[in-house]
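Below is one structure; the comments refer to it alone.
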Amino acid sequence: MSEQPVLSIYESTFAPSNKTVAILVVEGKKLHVNKAVLSYHSDYFDALFNGEIQGKNDAVTMSVTSIYESEFAKSDKTDAILVVDGRKLHVNKAHLSYHSDYFNTLFNGDFKEKSMPEIEIKDVKFEDFATLLSLVHPNPIKPEAEACVKLLELADRFMLPGVKPYIELVLLRSQIHCTSKISIGAKYGLDDLLDNGLSLSKSEDWLQSVIFLTGFKELPEATQLKIALKIIKIADFSK
Numbered sequence: 001m002s003e004q005p006v007l008s009i010y011e012s013t014f015a016p017s018n019k020t021v022a023i024l025v026v027e028g029k030k031l032h033v034n035k036a037v038l039s040y041h042s043d044y045f046d047a048l049f050n051g052e053i054q055g056k057n058d059a060v061t062m063s064v065t066s067i068y069e070s071e072f073a074k075s076d077k078t079d080a081i082l083v084v085d086g087r088k089l090h091v092n093k094a095h096l097s098y099h100s101d102y103f104n105t106l107f108n109g110d111f112k113e114k115s116m117p118e119i120e121i122k123d124v125k126f127e128d129f130a131t132l133l134s135l136v137h138p139n140p141i142k143p144e145a146e147a148c149v150k151l152l153e154l155a156d157r158f159m160l161p162g163v164k165p166y167i168e169l170v171l172l173r174s175q176i177h178c179t180s181k182i183s184i185g186a187k188y189g190l191d192d193l194l195d196n197g198l199s200l201s202k203s204e205d206w207l208q209s210v211i212f213l214t215g216f217k218e219l220p221e222a223t224q225l226k227i228a229l230k231i232i233k234i235a236d237f238s239k
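Residue 43 in UniProt numbering sits at position 43 of the sequence shown; the count goes up by one each step and never skips.
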C-alpha cells in the first residue's frame with residue numbers, strides 16, 4: 001500500500017471540503033476557501049469574488065511576499081544583499097557588523113565579498129537564516145521552540161551572541177521536556193534555561209541521561225557542579 005503524502009498544517013487547514021467553493025493558488029500550492037466567509041471579512045476578497053473581474057470563477061493565483069522577505073525588503077536603509085537559496089535579503093552592513101563579528105569581517109575585511117553586489121550564504125535554510133537575522137531587528141520573527149536549537153547553532157556560526165537571550169526566553173516559555181532544557185542550556189551557556197530545567201527535574205534517571213547526552217566532561221565546571229548537586233538532592237529526597 002502506497003503511503004499518503006503528508007500535508008502541511010497550512011494545506012490541511014485549507015483542504016477541500018463541502019464548504020469550500022474557491023481555490024487560491026500561492027507559490028503553486030492550493031488553498032481551498034469559502035468565498036462568502038472571505039468576502040465578509042475582507043473588502044479585497046469581496047471585490048475579487050463578487051466584482052466584475054475577469055476569471056473570478058477560476059482558481060486565483062496570488063503573489064504573496066513571505067514574512068521573511070517583507071522583513072528584509074529593500075529600503076533607503078539597506079546597502080547590501082545576502083542571497084540564500086536564491087532568495088534575497090536586503091540588510092544594513094553597519095547594523096549587522098555591530099551585532100556580529102562574522103558580518104563585520106565579511107563586510108569590512110579584505111575579502112572579495114566586500115565589493116560584491118550580492119553575497120551568497122551557503123549551507124543554511126532561508127527561513128532559519130532570515131529568522132536569525134530578524135532577532136536583531138525592531139520586528140523580530142518569533143521562532144517556534146522546535147527551531148530554537150538550529151537558531152542557536154546558527155547564532156554561534158554567524159557570531160550573533162545578542163540573539164541568544166531572545167531564543168532562551170522562547171525556550172523558557174515552551175513546553176519542551178526538562179531534560180531538553182538542561183541539555184540545550186548546558187551546551188549553549190544559557191544559564192536561566194539550565195536552571196529552569198534543573199528546577200523542573202524530578203528524576204535521577206533523567207539527569208543521568210542528560211549527563212550522557214551533553215558530554216558532561218566538556219561542560220564548564222560550574223555547570224557540572226549544578227547538575228551533580230541536583231542529582232544528589234534528588235537521590236537524597238527519594239531515600
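For every residue, glycine included, the Cβ atom is placed at its ideal position computed from N, Cα and C.
Kindly indicate the opening and closing residues of the beta strand (DSSP E) around I23. On the sequence shown, position 23 is the one that residue 23 refers to. Start and end: A22 to V26.
Does the beta-carbon distance from C148 to I182 come in below 9 angstroms? Mapped onto the sequence shown, residue 148 falls at position 148. Mapped onto the sequence shown, residue 182 falls at position 182. Judged by their CB atoms, C148 and I182 are not nearer to each other than the 9 angstroms cut-off.
At the level of alpha carbons, what is the spacing between E120 and G162? In the sequence shown, residue 120 corresponds to position 120, counting from 1. In the sequence shown, residue 162 corresponds to position 162, counting from 1. Going by the C-alpha atoms only, they are around 23 angstroms apart.
Who are the near neighbours of S100 in its chain, counting only those whose CB is closer than 7 angstroms to its CB and skipping five residues on each side? Looking up residue 100 in the sequence shown gives position 100. Same-chain partners within the cutoff: F158, M159 and L160.
Neighbourhood of P16 by C-beta, 6 angstroms cutoff - its chain only, sequence neighbours within 5 removed: For the purposes of this step, residue 16 is taken as residue 16 along the sequence shown, with counting starting at 1. Within the same chain, and ignoring the five residues on either side of P16 in sequence, the residues whose Cβ sits closer than 6 angstroms to its Cβ are H32.
Sufficient close CB pairs (3 or more, under 8 angstroms) joining the region 165 to 178 to the region 213 to 227: They do not touch, by the three-pair rule.
Are three or more beta carbon pairs between the region 130 to 141 and the region 68 to 78 nearer than 8 angstroms? Taking 8 angstroms as the limit for Cβ pairs, the verdict is that the region 68 to 78 does touch the region 130 to 141.
So what does DSSP say about L151, is it helix, strand or coil? Along the sequence shown, one-based indexing puts residue 151 at 151. Of the three classes helix, strand and coil, the one that applies to L151 here is helix, per DSSP.
Which word fits M1, buried or exposed, when buried means at least 16 other C-beta atoms lie within 10 angstroms of its C-beta? As a working note, residue 1 is residue 1 in the sequence shown. Only weak support is given to the placement of M1: the predicted model assigns it a pLDDT of 47, under 50, and the question is left unresolved by the model.
How is the alpha helix (DSSP H) around V91 delimited, first residue to last? For the purposes of this step, residue 91 is identified with residue 91 of the sequence shown, where counting begins at 1. In the DSSP assignment, V91 falls outside any alpha helix (DSSP H) and within the unbroken beta strand (DSSP E) covering R87 to V91.
DSSP three-state assignment for K202, whether helix, strand or coil: For the purposes of this step, residue 202 is taken as the residue at position 202 of the sequence shown. Coil.
Compare the C-alpha of N34 against each of H41, K19 and L96 and name the closest. For the purposes of this step, residue 34 is identified with residue 34 of the sequence shown, where counting begins at 1. That would be K19, whose Cα lies nearest to the Cα of N34.
Tell me whether N108 is buried or exposed, calling it buried when 16 or more other Cβ atoms sit within 10 Å of its Cβ. Translated into positions along the sequence shown, residue 108 becomes position 108. When all chains shown are included, N108 counts as exposed.
Does the distance from the C-beta atom of F14 to that of K30 stay below 9 angstroms? Looking up residue 14 in the sequence shown gives position 14. Looking up residue 30 in the sequence shown gives position 30. Yes, the pair counts as a contact, with Cβ atoms nearer than the cut-off.
Measure the alpha-carbon distance for P165 versus A22 and round it to whole angstroms. Stepping through the sequence shown from its first residue, residue 165 is reached at position 165. Stepping through the sequence shown from its first residue, residue 22 is reached at position 22. Straight-line Cα distance between these residues: approximately 44 angstroms.
What does the Cβ neighbour count give for F45, buried or exposed, with the cut at 16 atoms within 10 Å? Here residue 45 refers to the residue found at position 45 when the sequence shown is read from its first residue. Result: buried.
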